[in-house]
Amino acid sequence: MATKTLSQNIQTVITDLSNIKTALVAKGVAIPSGTPSNSYSGLIDGLQIGSPASAEFNIHFGDVAPEDMTKLWVKTAPVSNIRLDSQITSVVNATTRINDVINSATSEIVSGYGGCAERVDNLVYLFGGYTQSPKILTYNLDTLETASTGVAMPSNYYREAATGRVGNLIYLLGGLKYATMSLDIYQYNITDKIITKLTVTIPNNSIYGWRAFGYATVGTRIYLFGGYKSTSSSSSYIASSAYYFDTVAQTFTTIATPLTYNRVEMATAVVGTDIYLIGGRNSSGSETSWITKYDSLLDKYTAVANLPSVCSNCRATAIGTDIFVFFSSNIYKFDTLTNTVTTVSSGLTWSFGGGSIVSYGTDIFNFCGSSLTNGAFKTITDVTLEANHLLISSLKSGYPVALFNQHGIDIKLPVSNVFKGDVNNKAQKVNAYYYNNAQWNLI
C-alpha cells in the first residue's frame with residue numbers, strides 16, 4: 008500500500024470527522040453494559056484542525072494507567088454509576104462589581120464601548136475599546152488583577168472589531184479608529200508576545216462588513232456576520248452577507264446569507280458547532296429581539312426564539328447548553344435544548360451594553376461597556392448536576408493534549424475542566440488529568 012503524505016493524512020482526518028456533529032453527544036448516557044468499570048469512551052467536539060470536527064475521548068477512573076496509549080485519557084476520581092451529561096440546568100446566583108480594569112503600575116485602562124476580549128485559561132486578553140490601552144492588557148480571573156503584556160496595540164485598531172482565538176494565537180479583524188475604517192488583520196501570539204500584521208486583509212468588496220459585526224470562532228475558522236461596510240452607521244450601509252476567515256489557509260469564504268433579523272450590533276455565543284446570533288439590528292436598522300441559530304456544518308440559519316425585549320449591543324456567553332444574555336439592567340437565559348428564554352435577573356444596578364464578555368467554568372465576567380467605563384463584573388451561576396453525573400465543560404480551557412489517531416496524525420485537542428455533582432447536586436470542579444509521556448498530568 009502506498010504511503011500517504013502528511014497533508015493527505017490530515018485531509019483524511021478532516022474528511023472522516025467533519026460531518027460528525029457532537030454538540031450533545033453523550034447527554035445522559037450511562038456506561039454501556041460490559042464496559043470496563045474503570046473507563047468510558049465517547050465523542051467530544053473541539054478539534055482545532057480544518058473543518059469543525061470531533062474526536063474520541065476516554066474517561067478513566069482511578070490511578071491505574073490505561074493500556075491503550077493511542078487514545079486521549081482524562082483521569083478523574085471514581086464515581087459510582089457515572090453518567091455523562093451535557094444537558095445541565097444553570098441559575099444565576101449573583102452579579103457583583105469586582106476590581107476595575109486598570110494596570111496599577113502604569114494606570115493603563117481599557118474602557119467604554121466596543122472592546123474585545125478572548126480568554127486563555129484564567130487570563131482574559133483585552134483589546135481596544137472607546138478608551139484603549141496603548142498596550143494589550145490581561146485580566147486575571149482568579150486574582151482579579153490587571154497586568155500589561157508590554158505589547159503595543161496596533162495604531163489603527165480601535166473598536167467595533169472582531170477577535171478569535173485558535174490555539175495560542177488571537178486574531179484581530181477590522182474595526183474603527185475614530186472615523187477611519189480598518190480592513191487589517193493582526194495575529195497576536197500569546198506565548199511569544201508578538202503581534203504581527205498579516206498580508207491578507209478583509210476584502211473591500213462593498214459586500215463584507217468590517218465593523219460592528221457578529222463574530223464567533225469554531226475550529227480554525229472565525230465567522231463574521233453582517234456588520235457595517237462603512238464608517239457611517241446608516242442602515243443603507245448594513246452588510247447582508249456573512250463569511251469566515253480560515254486561519255490556516257488565511258482565506259475568506261462567503262457563507263449563506265443571514266436571515267434579515269440579525270445583521271449588525273448583535274451578540275453571539277457558541278454551543279458545539281452552532282453559533283447563535285442574538286438581538287442587534289435587522290436589515291432596516293431597527294433593533295430586534297430575534298435569536299437565530301447558524302449551523303456551521305450545514306451552513307444553515309434557523310430563527311429559534313425571541314428575547315423579552317429588543318436590544319442592540321447586548322453581550323452573550325454560554326454555560327454548557329445555556330446562553331446568558333446581558334443587556335441594560337437585565338440578564339436573560341436562553342436554553343438551546345428547548346429554545347426557551349427566561350428573565351433570570353432584572354433591575355440590576357448597572358447597565359450592560361457594548362462591552363465584552365467571557366465565561367470561566369460556571370462564572371461569567373463582563374468588562375467595560377457604554378456606561379460602565381473600565382468596570383469589571385462577575386456573575387456566579389449555580390449549575391445543577393446530579394451527583395452521579397460527570398460534565399466535560401465547554402472545551403475552552405485550551406490545554407493541548409497530544410494523541411495519535413488511526414491515521415498517525417498528532418492532534419492537539421483542548422481538554423476542558425471536569426465537573427461532577429456534589430451531594431447537593433451542585434457542579435463542583437474535580438481534579439482531572441490527561442495521560443501523556445507515560446505519566447498523568449494535572450489539567
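Under the working numbering, the first residue of the sequence shown is numbered 8, with each subsequent residue one higher. All C-beta atoms in this analysis are idealised placements derived from N, C-alpha and C, irrespective of residue type, glycine included.
#1: Any idea what DSSP makes of S114, helix, strand or coil?
#2: Give the C-beta separation of A246 and G292 to the nearest angstrom, bearing in mind that I take them to be a contact with Cβ-Cβ under 8 Å.
#3: Give the secondary structure of D92 by DSSP, where H, G and I count as helix, E and B as strand, and everything else as coil.
#4: Pull up the distance between the alpha-carbon of I338 and that of Y268, whole angstroms please.
#5: How big is the Cα-Cα spacing for Y222 and C318?
#6: For the beta strand (DSSP E) containing Y268, list its first residue and its last residue.
#7: For Y301, name the three-state secondary structure that DSSP assigns.
#8: With three or more beta-carbon pairs closer than 8 Å as the criterion, would you say the segment 189-200 touches the segment 160-177?
#9: Nearest-angstrom Cα distance between G516 and F334?
#10: Just how far apart, CA to CA, sit G233 and E152?
#11: Return the chain-ordered list of same chain residues with a C-beta closer than 6 Å to the C-beta of E125, the five sequence neighbours on each side being excluded.
#12: Extract the residue ranges of the beta strand (DSSP E) inside the segment 207-285, only unbroken runs of 3 or more that lie entirely within it.
#13: Is E167 helix, strand or coil when you go by DSSP?
#14: Cutting at 6 Å between CB atoms, please list the residues of its own chain near Y367, excluding the five before and the five after it.
#15: Label K307 either buried or exposed according to how many other C-beta atoms from any shown protein chain fall within 10 Å of its C-beta, with 16 as the threshold for buried.
#16: On the criterion of 16 or more Cβ atoms from any shown chain inside 10 Å, does D281 qualify as buried, or is it exposed?
#17: DSSP on E125, reduced to helix/strand/coil?
#18: For the putative contact between S316 and S336, defined by C-beta atoms under 8 Å, what is the C-beta separation to the nearest angstrom?
#19: With distances taken between CB atoms, is the gap from E272 to A219 smaller than 9 Å?
#20: Can you tell me the Cα-Cα spacing of N110 and A263, whole angstroms?
#21: Might you give, ordered along the chain, the residues of its own chain that have their beta carbon closer than 6 Å to the beta carbon of A323, omitting 5 neighbours on each side?
#22: Excluding the 5 residues preceding and the 5 following A101 in the sequence, name in chain order all residues of the same chain whose CB lies nearer than 6 Å to its CB.
#23: Quick check: F259 and I209, are their CB atoms within less than 9 Å of each other?
#24: Report the rounded CA-to-CA distance for S290 versus I214, giving the unit in angstroms.
#25: For the beta strand (DSSP E) that contains Y195, what are its first and last residues?
#26: Within a Cβ cutoff of 7 Å, which residues of the same chain sit near Y137, ignoring the five residues on either side of it in sequence?
#27: Whose CA, out of N212, S97, N106, K200, lies closest to the CA of L379?
#28: Looking at the strands, I want to know which residues DSSP matches up with K200.
#29: Have a look at F359 and C321 and give me their C-alpha separation to the nearest angstrom.
Reading it off the structure:
#1: If DSSP states are grouped into helix, strand and coil, S114 belongs with coil.
#2: About 12 Å separates the two Cβ atoms, so there is no contact after all.
#3: Annotation note: pLDDT 48 at D92 (below 50); position unreliable, coordinate value reported separately. DSSP places D92 outside both helix and strand once states are collapsed to three, so it counts as coil.
#4: In a straight line, the C-alpha of I338 is about 21 Å away from that of Y268.
#5: Going from the Cα of Y222 to the Cα of C318 covers about 17 Å.
#6: Annotation: Y268 is outside any beta strand (DSSP E) and is labelled neither H nor E by DSSP.
#7: DSSP places Y301 in strand when its eight states are reduced to three.
#8: The segment 189-200 is in contact with the segment 160-177.
#9: Residue 516 lies beyond the residue range present for the chain, which begins at 8 and ends at 450; the question has no answer from this structure.
#10: If you draw a straight line from the Cα of G233 to the Cα of E152, it comes to about 35 Å.
#11: Only residues of its own chain outside the window of five on either side were considered, and among them Y132, T170, R172, I177 have a CB closer than 6 Å to the CB of E125, listed in chain order.
#12: Listed in chain order, the complete beta strand (DSSP E) runs (minimum 3 residues) inside the segment 207-285 are 221-225, 228-232, 249-253, 258-261, 274-278, 281-285.
#13: Correct three-state label for E167: coil.
#14: Cβ contact annotation for Y367 (same chain, cutoff 6 Å, sequence separation greater than five): L148, in chain order.
#15: Exposed, because fewer than 16 other Cβ atoms sit within 10 Å of the Cβ of K307.
#16: With 16 or more other Cβ atoms within 10 Å, it is buried.
#17: Strand.
#18: 11 Å between Cβ atoms; not a contact.
#19: By the CB criterion at 9 Å, E272 and A219 fall inside the cutoff.
#20: Here the alpha carbon of N110 sits roughly 42 Å from the alpha carbon of A263.
#21: A274, A276, I285, I330, V332.
#22: Non-local beta-carbon contacts of A101 in its own chain, meaning distances under 6 Å to residues more than five positions away in sequence, involve I387 in chain order.
#23: F259 is a Cβ neighbour of I209, given a cutoff of 9 Å.
#24: When rounded, the distance between both Cα atoms is 14 Å.
#25: Membership of Y195 in the beta strand (DSSP E) is indicated by the continuous run 192-196.
#26: For Y137, where only same-chain residues beyond five positions count, the Cβ hits under 7 Å are S118, G119, Y120, G121, R166.
#27: N106 is the residue among N212, S97, N106, K200 whose C-alpha sits nearest the C-alpha of L379.
#28: Answer is none; K200 lacks a bridge partner.
#29: For F359 and C321, the gap between their C-alpha atoms comes out near 7 Å.
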